[in-house]
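Chains as they are written, first to last, in the working numbering: chain A, 222 to 554; chain B, 222 to 554.
Here a beta-carbon is modelled for each residue, glycine too, at the ideal position from N, C-alpha and C.
Protein chains: 2
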Amino acid sequence: MGGDHGLSVTVPASLDCLKDNPDLVLILVGDEALLKQHLAQALVDYQGRLSIHHASQCVGMDESPSKALKNKKDSSMRVAINLVRDGVADACVSAGNTGALMATARFVLKMIPGVDRPAIVSTLPSIYGHTHALDLGANVDCTAEHLFQFAVMGNELVKAIEHIEHPKVGLLNIGEEDVKGNEQVKAAAKLLENSGLNYIGYVEGDSLTAGHVKVDLIVADGFVGNVALKSIEGAAKMMGTALKEAFAQNLFTRLAAVVAYPVLKSLKQRIDPRRYNGASFLGLRGLVIKSHGGADVLAFKTAIKLAEVEVQNDVIKKVSEQIQVILAQRESA
Amino acid sequence: MGGDHGLSVTVPASLDCLKDNPDLVLILVGDEALLKQHLAQALVDYQGRLSIHHASQCVGMDESPSKALKNKKDSSMRVAINLVRDGVADACVSAGNTGALMATARFVLKMIPGVDRPAIVSTLPSIYGHTHALDLGANVDCTAEHLFQFAVMGNELVKAIEHIEHPKVGLLNIGEEDVKGNEQVKAAAKLLENSGLNYIGYVEGDSLTAGHVKVDLIVADGFVGNVALKSIEGAAKMMGTALKEAFAQNLFTRLAAVVAYPVLKSLKQRIDPRRYNGASFLGLRGLVIKSHGGADVLAFKTAIKLAEVEVQNDVIKKVSEQIQVILAQRESA
């Protein structure tokens, strides 16, 4: 029900995914009457793979997380997350209010034992393909231990969905030298050096998209990670705007735009943010994927497909097991 | 003497600036014999406007700030900053080691009374023209009071060099709602709300380059500001690489590149990082401009021209006076 566009995006995206993947089973959670209207023939076409689960409430995009948690016990996001808790669904995908989704997910699913804080992980396009990064905004203040746990969880996710045995893990900092950074980052570096992870050291903001070496996973606190993510989004938008304006200047440049159109289109596809939509909440005992609120059909499909990949590769189970291994190592140390 | 390219960049850039601005007087500080060799005829051509001031040492790009401060008392950057302290020069421009330059500037020039920390301010291209931002890396941990002082200083700089009476000032955060952010940012917001500045509230990372409203000055702690800056640099590089690759795919795309060349060139010029080179150290009792170490002639010229503009507009004096006004207001409050 959520997101800026509601069912006009989530329903067509769902149907497209059902078409693309014959193994996919979807439960659409929300207002039954409204959903029936939107689904119509699809409920017949995808019988056995598509169903509606009624929820009478809906969390507003600007509603406070605590209010949503208290007053919206039958909201579509709450009910969807309940289905994950109860094992009825393997994952919940939502374009709704991020704060409310996180608070609800944390309340309903609970944390993996040993994990202090959930983190938001997502993917960014880079000159090497793409980079995974966390935390992108769940935690404004993080200790070294939090950063360390984010690295362990993110590392398992990257291993599982990218099929890389030893992902290169970097810690986001303002320089690569040992002396750089704040106390939390320096202490996290020490924890990572002794972690068994393929920790490559400090990386700077440009490493998210175009560093001098490929990094598979970049770890930061949620304040820094979120600012970095939004800064990259802004820069891409600025360059896109500048590109459009450059091609719109005069008759000659507009003709050049016609000739260059297929090239510009392929460029746009490569770095299309919709192809990177979908952030996972890591650290919870169940899978919740947050889609951008403004997602269109293509973008929301990407978020559903991310859920499919994470379920197929058992991400939550692997993260949970790895955290227990780390805890056991510490206790015996 | 400093930077990745030394005199091969700083000398031609200096001569270009002398040519462009007949009011400019330059003192090149460094190895006299070497400088004489590079300058040759220019010393005659620009007699009275170009001179050499000998310095026997040079700070390495990787040298630690504390070692430079202790062991390089006759380094080119130290001597140049001494000239500012002694009123012989109005500003010092350097492409050298940032940490050493900052430590030396702070040691030699001292802070403006009432300012706790110096900050690095620079300019970024945006869809609205450009945005000023600080701190871009001088301070990894900042209190609300530090952020507030950065805002006051940055505001004076923007007023002075942009000739805007009430610059729009935003505080970098992970959301625009009041509840967002860490304690320092929330407390800084309160200070700014009562400051008389044209404080517009929290802004997100995309506002540095492409927010939904124009912001003249964005304030952040040095860790966050530096990561944001580097993230933007990375994103621009990634898009530039993707653009090049898209036009290099095959014969057709290479032909399209020929047609689109003038457009791409104008785009490149608009967002050319060399046109934004030069960061000012704010909070010191003298003007020091840091050029990117990798600057080429055009980029280093931009840094020199920034120094010219700041001197012409009396930035240091205005910042210093405004800080005293704020202090007086507090004492009487």
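Boundaries of the beta strand (DSSP E) in which residue i is found, first to last residue
i	result
histidine 351/A	350-355
glycine 422/A	420-424
Span of the alpha helix (DSSP H) around residue i
i	result
valine 480/A	472-492
glycine 446/B	443-468
leucine 260/A	253-260
valine 265/B	263-266
Within chain A, partners of residue i - CB distance below 7 angstroms
i	result
arginine 338/B	Residues of chain A passing the Cβ test: none, with the nearest at roughly 14 angstroms.
serine 512/B	Chain A residues near serine 512/B: none, gap ~18 angstroms exceeds 7 angstroms.
glycine 422/B	Simply none; closest approach about 15 angstroms.
serine 347/B	Met459
valine 305/B	The premise fails here: valine 305/B is roughly 26 angstroms from chain A at the closest Cβ pair, so nothing lies under 7 angstroms.
valine 448/B	Leu393, Ile395, Gly426, Val445, Val448 and Ala449
valine 518/B	Neighbours of valine 518/B on chain A: none; closest Cβ ~23 angstroms, over 7 angstroms.
Residue i - DSSP class collapsed to helix/strand/coil
i	result
glutamine 278/A	strand
alanine 500/B	strand
valine 232/A	helix
leucine 245/A	coil
valine 436/A	coil
leucine 505/A	strand
leucine 412/B	helix
valine 250/A	strand
Integer Cβ distance of residue i from residue j, believed to fall under 8 angstroms
i	j	result
glycine 446/B	valine 336/B	Contact doesn't hold; Cβ gap of about 17 angstroms is too wide.
alanine 312/A	leucine 508/A	4 angstroms
isoleucine 453/B	leucine 548/B	Isoleucine 453/B to leucine 548/B, Cβ: 34 angstroms. No contact.
serine 287/A	alanine 324/A	7 angstroms
glutamate 531/B	serine 501/B	6 angstroms
isoleucine 348/A	lysine 389/A	About 15 angstroms; that fails the 8 angstroms criterion.
threonine 474/A	valine 479/B	About 14 angstroms; that fails the 8 angstroms criterion.
Listed by chain order, chain B residues near residue i by CB distance under 7 angstroms
i	result
serine 487/A	Ala467
glutamate 425/A	Lys451
isoleucine 492/A	Met460 and Ala463
phenylalanine 444/A	Ile395, Asn403 and Val445
glycine 358/A	Ile395
alanine 431/A	Gly455, Lys458, Met459 and Thr462
leucine 484/A	The question names leucine, yet the displayed sequence has valine at residue 484/A. Those are Ala467, Phe468, Thr474 and Ala477, listed as they occur along chain B.
Partners in chain B for residue i, counting only beta-carbon separations shorter than 8 angstroms
i	result
valine 480/A	Leu476, Ala477, Val480 and Ala481
valine 436/A	Residues of chain B passing the Cβ test: none, with the nearest at roughly 11 angstroms.
Amino acids of chain B, ordered along the chain, whose beta-carbon sits closer than 9 angstroms to that of residue i
i	result
glutamate 253/A	Residues of chain B passing the Cβ test: none, with the nearest at roughly 32 angstroms.
aspartate 362/A	Asn403 and Glu404
valine 390/A	Within chain B, no residue comes near valine 390/A; the closest Cβ sits about 17 angstroms away, beyond 9 angstroms.
valine 342/A	Within chain B, no residue comes near valine 342/A; the closest Cβ sits about 16 angstroms away, beyond 9 angstroms.
serine 315/A	By Cβ distance, chain B contributes nothing, its closest Cβ being about 18 angstroms from serine 315/A, past 9 angstroms.
is_contact[residue i, chain C] using C-beta, thresh 9 angstroms
i	result
serine 235/A	You won't find chain C in this structure, because its protein chains are A and B.
Cβ-heavy atom distance, residue i to the ligand SAM, below 8 angstroms
i	result
alanine 457/A	For the structure depicted, the ligand SAM is absent and the ligand set is empty, with no information on it obtainable.
Beta strand (DSSP E) runs contained entirely in the stretch 281-356 of chain B, provided each spans 3 or more residues: Residue ranges of uninterrupted beta strand (DSSP E) with 3 or more members, entirely inside the stretch 281-356 of chain B and ordered along the chain, are 312-315, 340-347 and 350-355.
Quick check on the DSSP output: what are the complete beta strand (DSSP E) runs of length 3 or more inside the stretch 508-545 of chain A, in order along the chain? Fully enclosed beta strand (DSSP E) runs of no fewer than 3 residues occupy 508-511 of the stretch 508-545 of chain A, in order along the chain.
Extract the residue ranges of the beta strand (DSSP E) inside the stretch 364-401 of chain B, only unbroken runs of 3 or more that lie entirely within it. DSSP assignment within the stretch 364-401 of chain B yields the following whole beta strand (DSSP E) runs of 3 residues or more, N-terminal first: 390-393.
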